[in-house]
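Residue numbers (our numbering): 505 to 587.
Cβ atoms here follow ideal geometry from the backbone N, Cα and C, with glycine treated the same way.
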Amino acid sequence: LWQLTGFNLGWRGWQGRGYALGVGEVKLTGMVRPDRKILSYKIDFTKAIQTRRLTMGVADGIVEADGEVIYQVKDMKVALSES
């Protein structure tokens with residue numbers, strides 16, 4: 505989920521290397537198992553900001569396995585660094 509959030513910041517044309525800053529809440533209610541057929545990742549951006557000193561995205565996300573929610577995160581933060 506963090507990688508997809510960082511990818512979205514790059515897709516917006518913002519430059520830098522992505523790194524995770526943190527997360528508000530994580531719920532793990534299932535597992536990715538070999539018998540699962542389809543994994544779906546859903547990201548809902550709550551904030552995307554770029555200033556002279558900071559490029560950051562804040563989002564909520566879920567991972568579904570065969571339609572069942574197995575992971576939920578709230579307020580995951582990803583930043584981009586030019587160095």
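- For the pair residue 574 and residue 514, the CB atoms are not nearer than the 8 Å cut-off.
- Scanning 565, 557 and 579 for the CA closest to the CA of residue 587 turns up 557.
- One thing to note: residue 528 has its Cβ no nearer than 8 Å to the Cβ of residue 545.
- Looking only at 568, 577 and 560, the smallest Cα-Cα distance to residue 584 is reached by 560.
- If you draw a straight line from the Cα of residue 563 to the Cα of residue 517, it comes to about 18 Å.
- Of the other Cβ atoms in all chains shown, 16 or more fall within 10 Å of the Cβ of residue 509; this residue is therefore buried.
- Listed in chain order, the non-local C-beta contacts of residue 506 below 7 Å within the same chain comprise 524, 580 and 582, local neighbours out to five positions each way being set aside.
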